[in-house]
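Taking this note's numbering, the leading residue of the sequence shown gets 2, the next gets one more, and so forth. For each residue, glycine too, the CB sits at the ideal point set by N, CA and C.
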Amino acid sequence: MTKNKKYLESLNVKSAAELNDELVAAKKELFNLRFQNATNQLDNTSRIKEVRRNIARIQTVIAQKAKAAQ
2 MTKNKKYLES
12 LNVKSAAELN
22 DELVAAKKEL
32 FNLRFQNATN
42 QLDNTSRIKE
52 VRRNIARIQT
62 VIAQKAKAAQ
């Protein structure tokens, strides 16, 4: 099983509040990564792409849970 599938499964078992907390944390991390990149302090630039995709995954799971709750 890939790392992404494990991450997605861990998101699916979380509650909506936990997902929102995770989303806020991921957005803060993305902000910090962009800031580091702008000041030439970032070594691993691929981390920005990874965090952006994780944000999209979290938002997708939130939307799926909202749709299932209707």
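- The beta carbon of GLN60 sits closer than 8 Å to the beta carbons of LEU24 from its chain, once the five residues preceding and following it are set aside; these are given in chain order.
- A Cβ-Cβ separation of about 16 Å leaves ILE56 out of contact with ALA17 under the 8 Å criterion.
- With respect to the C-alpha of ARG35, the residue from ARG53, ASN21 and LYS7 having the closest C-alpha is ARG53.
- From the listed residues LYS29, THR46, ASP44 and ASN21, the smallest Cα separation to VAL62 is found for ASN21.
- Here the alpha carbon of ASN45 sits roughly 17 Å from the alpha carbon of LYS29.
- With respect to the 8 Å criterion, ARG58 and LEU12 are classified as neighbours on the basis of their beta carbons.
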